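Taken in sequence, the protein lines are chains L and X.
Start counting the first sequence at 2; every next residue gets the next number (this note's numbering).
Start counting the second sequence at 17; every next residue gets the next number (this note's numbering).
Where a beta carbon is used, it is the ideal one built from N, C-alpha and C, also for glycine.
Keep in mind it's a predicted model, so treat the numbers as computed, not measured.
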Amino acid sequence: MSPVPDPKRDELEDRLMDQALREVLGGETPPELSERVLAAAEKQKSVSPQRKEPVMSKSRGIRWIVGALAACLVVGVTVALLLPAGRFAREAARGPDASGYMMEPQAATVPRAAPSSEASADDESSTAALPQAEPGVGARPPAEVQPGLPHQSATEHKRVLSADLDIPFSVRPLDNEPVPIEPGSEPAISLEEAQRRQRFDDGALWGTSPSGQGPGKGGDQYDRLVENPFRLVKDHPLSTFSIDVDTASYANVRRFLLGEGRLPPPDAVRIEELVNYFKYDYAGPEDDVPFAAHIEAAACPWTEGHRLVRVGLKGKEVGNEERPESNLVFLLDVSGSMNSPDKLPLLKAGMKLLVEQMRPNDRVAIVVYASAEGLALPSTPGSEREEISAALESLRAGGSTAGGAGIELAYRVAQENFIAGGVNRVLLCTDGDFNVGTTSTGDLVRMVEQRAKQGVFLSVLGFGRGNLNDAMMENISNKGNGNYAYIDGITEAHKVLVEQMGGTLVTIAKDVKIQIEFNPARVAAYRLIGYENRILAAEDFNDDKKDAGEIGAGHTVTALYEVVPAGMEVEVPGVDPLKYQTPAAPKDDGATGGELLTLKLRYKQPEADTSRLLEFPLVDQGTRFGQASPDLQFAAAVASFGMLLRDSPHKGTATYEAVREIATASKGADASGYRAEFLQMVGRAKELAEAAGRDE
Amino acid sequence: MHSKGMTAATADRQAEMAALVRAHQAGVWRYLRFLGCDPTEADDLVQETFLAVLRKGFEVRSPAETAAYLRTVARNRLLMARRQQSNHPPVVDLEAAEAVWARVAGEDGLSDYLAALGDCLQKAVGPRARQALELQYRDRASRAEIAAELRLAVEGVKTLLRRARSALRDCVERRLGR
Numbered sequence: 002m003s004p005v006p007d008p009k010r011d012e013l014e015d016r017l018m019d020q021a022l023r024e025v026l027g028g029e030t031p032p033e034l035s036e037r038v039l040a041a042a043e044k045q046k047s048v049s050p051q052r053k054e055p056v057m058s059k060s061r062g063i064r065w066i067v068g069a070l071a072a073c074l075v076v077g078v079t080v081a082l083l084l085p086a087g088r089f090a091r092e093a094a095r096g097p098d099a100s101g102y103m104m105e106p107q108a109a110t111v112p113r114a115a116p117s118s119e120a121s122a123d124d125e126s127s128t129a130a131l132p133q134a135e136p137g138v139g140a141r142p143p144a145e146v147q148p149g150l151p152h153q154s155a156t157e158h159k160r161v162l163s164a165d166l167d168i169p170f171s172v173r174p175l176d177n178e179p180v181p182i183e184p185g186s187e188p189a190i191s192l193e194e195a196q197r198r199q200r201f202d203d204g205a206l207w208g209t210s211p212s213g214q215g216p217g218k219g220g221d222q223y224d225r226l227v228e229n230p231f232r233l234v235k236d237h238p239l240s241t242f243s244i245d246v247d248t249a250s251y252a253n254v255r256r257f258l259l260g261e262g263r264l265p266p267p268d269a270v271r272i273e274e275l276v277n278y279f280k281y282d283y284a285g286p287e288d289d290v291p292f293a294a295h296i297e298a299a300a301c302p303w304t305e306g307h308r309l310v311r312v313g314l315k316g317k318e319v320g321n322e323e324r325p326e327s328n329l330v331f332l333l334d335v336s337g338s339m340n341s342p343d344k345l346p347l348l349k350a351g352m353k354l355l356v357e358q359m360r361p362n363d364r365v366a367i368v369v370y371a372s373a374e375g376l377a378l379p380s381t382p383g384s385e386r387e388e389i390s391a392a393l394e395s396l397r398a399g400g401s402t403a404g405g406a407g408i409e410l411a412y413r414v415a416q417e418n419f420i421a422g423g424v425n426r427v428l429l430c431t432d433g434d435f436n437v438g439t440t441s442t443g444d445l446v447r448m449v450e451q452r453a454k455q456g457v458f459l460s461v462l463g464f465g466r467g468n469l470n471d472a473m474m475e476n477i478s479n480k481g482n483g484n485y486a487y488i489d490g491i492t493e494a495h496k497v498l499v500e501q502m503g504g505t506l507v508t509i510a511k512d513v514k515i516q517i518e519f520n521p522a523r524v525a526a527y528r529l530i531g532y533e534n535r536i537l538a539a540e541d542f543n544d545d546k547k548d549a550g551e552i553g554a555g556h557t558v559t560a561l562y563e564v565v566p567a568g569m570e571v572e573v574p575g576v577d578p579l580k581y582q583t584p585a586a587p588k589d590d591g592a593t594g595g596e597l598l599t600l601k602l603r604y605k606q607p608e609a610d611t612s613r614l615l616e617f618p619l620v621d622q623g624t625r626f627g628q629a630s631p632d633l634q635f636a637a638a639v640a641s642f643g644m645l646l647r648d649s650p651h652k653g654t655a656t657y658e659a660v661r662e663i664a665t666a667s668k669g670a671d672a673s674g675y676r677a678e679f680l681q682m683v684g685r686a687k688e689l690a691e692a693a694g695r696d697e
Numbered sequence: 017m018h019s020k021g022m023t024a025a026t027a028d029r030q031a032e033m034a035a036l037v038r039a040h041q042a043g044v045w046r047y048l049r050f051l052g053c054d055p056t057e058a059d060d061l062v063q064e065t066f067l068a069v070l071r072k073g074f075e076v077r078s079p080a081e082t083a084a085y086l087r088t089v090a091r092n093r094l095l096m097a098r099r100q101q102s103n104h105p106p107v108v109d110l111e112a113a114e115a116v117w118a119r120v121a122g123e124d125g126l127s128d129y130l131a132a133l134g135d136c137l138q139k140a141v142g143p144r145a146r147q148a149l150e151l152q153y154r155d156r157a158s159r160a161e162i163a164a165e166l167r168l169a170v171e172g173v174k175t176l177l178r179r180a181r182s183a184l185r186d187c188v189e190r191r192l193g194r
């Protein structure tokens, strides 16, 4: 929570290092105890012959069901952008531990049981590892005898699970709420935990799921991020993903490099968020389409012979004057943990910046939550800026967080002051120390989703450092058709709340999905750079029920593909030739005009339920990298930088020096100075990498 | 259930158990040492831990879950043992220790950490610091002996070693991405 390192943790980490050194240098290695243990186990068994198989079988049965359900969930999750499980945890740095949640013996929403007595320590009837606490589990018949279940699509299946089991997405940070160790009771790992772990732990499942990739296991401070691999066009002609305008990872990486002077952990680096941090000079739409698409190909700077394809989207600009009337409810966390200079004071300053943009017909209300939620300011016209500012100024931090009731109140206020055709939005500002009080997380997510359907959207602004509940922040902002930004300083507050206020407040298109069909006559393989948690299944593209990312006014979204041209060798394991069918032969290249690919976009108008389709074919003109647009070059430099920080297997010949050269050449006017700051970060990273002896 | 089937199931179970013990016994032992057990006590509690797991029945799941589960059992065994000898409380804060272990050591019982450390010893510390570390850990030299060997003040040795450990921690964590 606190930016100051925890002395106890520091001491323990030192202790661990001490132990490791005793082993590595001093030869204090663990003894081989296997035989001894197994012999004792044998003896134990003969002493207690009444240990019956059926008991075990039953609990095993339950575990198998849970395993099966969890596996289905994994598949569901990969296709369900709704739950970008891995992304959030990387956003802000967090408290000491994430694996600590593994020790949490209860589900987050299930009240903690009183410590059981020692006598129950070996009680066979207590399920060792899996939940009895979860009502849905025991009642559910085994998966294999449940008719219909195998026929459900993964997505449906996931929905069933979410509805039945009320899966919360949050993780209780260990440093906030120490988990009592209950001697005598082995941990009952709840179903949601099992599912979570399955999701995070089973990298193999992610790797083989139809949508391909996703986060790997839950690490600690950051969930492991497995980069998208190259995919063969003959096996996977379609690449589908949802747009993402979040930029939190960039702010975080910047703080590591410039603030703390150290290299960020690789998993804190999310390349698409780095690339999307920058505004690119894409032309806006001309007709009534909400955004324009720009697509360009050039040589890939880090791998000889590969091509780089850039897809750029630009949302329609909406000036402050044209912005629809806005009904905003600030939902502010004033709990004790916000009592730090990088939190509440920054939050107040940021909100004041926003209030200064308000016009007389806009409305602002303030709801706070801590030990008790309350309306700090009823909905007030934008003309009363002083009153709003005074209300902000009077806020004091204190008490613990109970966000659930606060968010309900915020929505109620937003609904009461609803402006038809306007912007109706709740802005949740927190350090992420958000627990839902009496409401379960599942209910909360459903409420946010429901309110978004009724036209009240939710944005989340993160402040300060170190919180596990970024998971939920990210999640609910996605469900609420909102965006999630991380405010690490007043400059960032200015960027998000003033410069990009339109984008932050005004959604111009929702459920924006991108699908690219590659021409096998031209492309052997491709790799989407970043967007690991935004991958969709090909069929989700046409499924209007499938939620996807929103694009705000003036937002730019950039995606890069590294493409291996046809005829070039690719080191990708393909599948064996099919036994029962012949693969479709590619269409005559002449007939498709030598196109490299076709970009398809689907989006909905903010109030619409049905999507529209746009298509843009691309012919690769063989442009050299140096001839490409400055924006492509700059984006390539940023992506390259991200790959270096991640020490990506795909970084090719990239070096920090090359990044610096490309970014300097393509910096452009850079009126805001963000690109200059990027160059500063590159320089710092280079020094740190050299000092650490890390190879480039 | 036919008895034949049960026998097969039992045999599978035994094999599973043996595999579990072989894969995790070293990690559990290291963990117990980290929690403040001396080597003998760690030996005994490793045995206790696996016996408890066997009594309960255990389904092998992902390595991370398995490791976390074993750690919790080990912690509970340690607490119970310490309660029996009530004059001998745990040396470290178990929750905080578990948090650090789970974060830094991970699921493989410290193996990756140790491998990274071997590498970092070559790369992250200078020759002088490495010599000091070797004197301390390999040769079990006292600070005064190290100071004499390196021609430093005792206070300087302390600082040198502390900095070296800190550099190693940074290096290992970076390598592990933790």
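Cα-Cα separation between residue i and residue j, rounded to whole angstroms
{"i": "A350 (chain L)", "j": "A249 (chain L)", "result": "19 Å"}
{"i": "A666 (chain L)", "j": "G627 (chain L)", "result": "10 Å"}
{"i": "K235 (chain L)", "j": "T505 (chain L)", "result": "40 Å"}
{"i": "Q451 (chain L)", "j": "G531 (chain L)", "result": "30 Å"}
{"i": "L633 (chain L)", "j": "L561 (chain L)", "result": "9 Å"}
{"i": "L348 (chain L)", "j": "L329 (chain L)", "result": "15 Å"}
{"i": "N418 (chain L)", "j": "G503 (chain L)", "result": "20 Å"}
{"i": "I408 (chain L)", "j": "Y281 (chain L)", "result": "35 Å"}
{"i": "L309 (chain L)", "j": "E297 (chain L)", "result": "8 Å"}
{"i": "K1 (chain L)", "j": "T88 (chain X)", "result": "Because chain L spans 2 through 697 in this model, residue 1 (chain L) falls outside it and cannot be assessed."}
{"i": "L378 (chain L)", "j": "N482 (chain L)", "result": "25 Å"}
{"i": "D155 (chain X)", "j": "S35 (chain L)", "result": "30 Å"}
{"i": "R119 (chain X)", "j": "P79 (chain X)", "result": "15 Å"}
{"i": "D186 (chain X)", "j": "E678 (chain L)", "result": "25 Å"}
{"i": "G73 (chain X)", "j": "G555 (chain L)", "result": "58 Å"}
{"i": "L445 (chain L)", "j": "L598 (chain L)", "result": "41 Å"}
{"i": "V513 (chain L)", "j": "V290 (chain L)", "result": "13 Å"}
{"i": "A585 (chain L)", "j": "K652 (chain L)", "result": "33 Å"}
{"i": "G674 (chain L)", "j": "R23 (chain L)", "result": "49 Å"}
{"i": "E12 (chain L)", "j": "V108 (chain X)", "result": "10 Å"}
Beta-carbon contacts of residue i that lie in its chain and below 6 Å, excluding the five residues immediately before and after
{"i": "G669 (chain L)", "result": "P631"}
{"i": "A42 (chain X)", "result": "G125"}
{"i": "T431 (chain L)", "result": "D334"}
Cβ shell of residue i (< 8 Å), same chain only, five flanking positions each side left out
{"i": "P587 (chain L)", "result": "N520, P521, A522"}
{"i": "S49 (chain L)", "result": "With a pLDDT of 46 at S49 (chain L), under the threshold of 50, the modelled position of that residue is not reliable, and no figure is offered here."}
First and last residue of the uninterrupted alpha helix (DSSP H) at residue i
{"i": "H495 (chain L)", "result": "491 to 495"}
{"i": "D15 (chain L)", "result": "8 to 25"}
Same chain only: Cβ atoms within 7 Å of residue i, ignoring 5 sequence neighbours per side
{"i": "I162 (chain X)", "result": "A148, L151, Q152, V173"}
{"i": "I569 (chain L)", "result": "It is worth fixing the name first, because residue 569 (chain L) is Met in this sequence and not Ile. Answer for M569 (chain L): G306, A525, listed in chain order."}
Residue i: first and last residue of the uninterrupted beta strand (DSSP E) it sits in
{"i": "N425 (chain L)", "result": "424 to 431"}
{"i": "E64 (chain X)", "result": "Careful: E64 (chain X) lies outside any beta strand (DSSP E), inside the alpha helix (DSSP H) at 55 to 72."}
{"i": "R676 (chain L)", "result": "Unbroken run through R676 (chain L) is the alpha helix (DSSP H), 675 to 693; no beta strand (DSSP E)."}
{"i": "I488 (chain L)", "result": "485 to 488"}
Near the ligand NAP: residue i beta-carbon under 7 Å from a heavy atom
{"i": "L94 (chain X)", "result": "As presented, the structure is devoid of all ligands, the ligand NAP included, so that no description of it is given."}
Mind listing which residues of the stretch 51 to 66 of chain X have their C-beta closer than 7 Å to chain L's C-betas, in chain order?
D59, V62, Q63, F66
Which residue spans inside the stretch 336 to 400 of chain L form an unbroken alpha helix (DSSP H) run of at least 4? 345 to 357, 386 to 394
* To do: Give, in chain order, every residue of the stretch 28 to 50 of chain X whose Cβ lies closer than 7 Å to some Cβ of chain L.
  => M33, A34, V37, R38, Q41, A42, W45, R46, R49, F50
Next on the checklist: What ranges does the alpha helix (DSSP H) occupy inside the stretch 267 to 332 of chain L, keeping only unbroken runs of at least 4 residues that lie completely in it?
Outcome noted: 272 to 276
With 7 Å as the limit, tell me which residues of the stretch 168 to 181 of chain X have their beta carbon closer than that to any beta carbon of chain L; keep them in chain order. R181
Length-filtered (3 minimum) beta strand (DSSP E) runs lying within the stretch 500 to 549 of chain L
508 to 519, 524 to 530
* **Residues, ordered as in the chain, of the stretch 106 to 125 of chain X that lie near chain L by beta-carbon distance below 9 Å** => V108, D109, L110, E111, A112, A113, E114, A115, V116, W117, A118, R119, V120, A121, G122, E123, G125
Write down every uninterrupted run of the alpha helix (DSSP H) in the stretch 81 to 149 of chain X whose length is 4 residues or greater and which is fully enclosed by it, in chain order.
110 to 116, 127 to 139, 143 to 149
Members of the stretch 8 to 25 of chain L that neighbour chain X once the beta carbon cut-off is set at 8 Å = K9, R10, L13, E14, D15, R16, L17, M18, D19, Q20, A21, L22, R23, E24, V25
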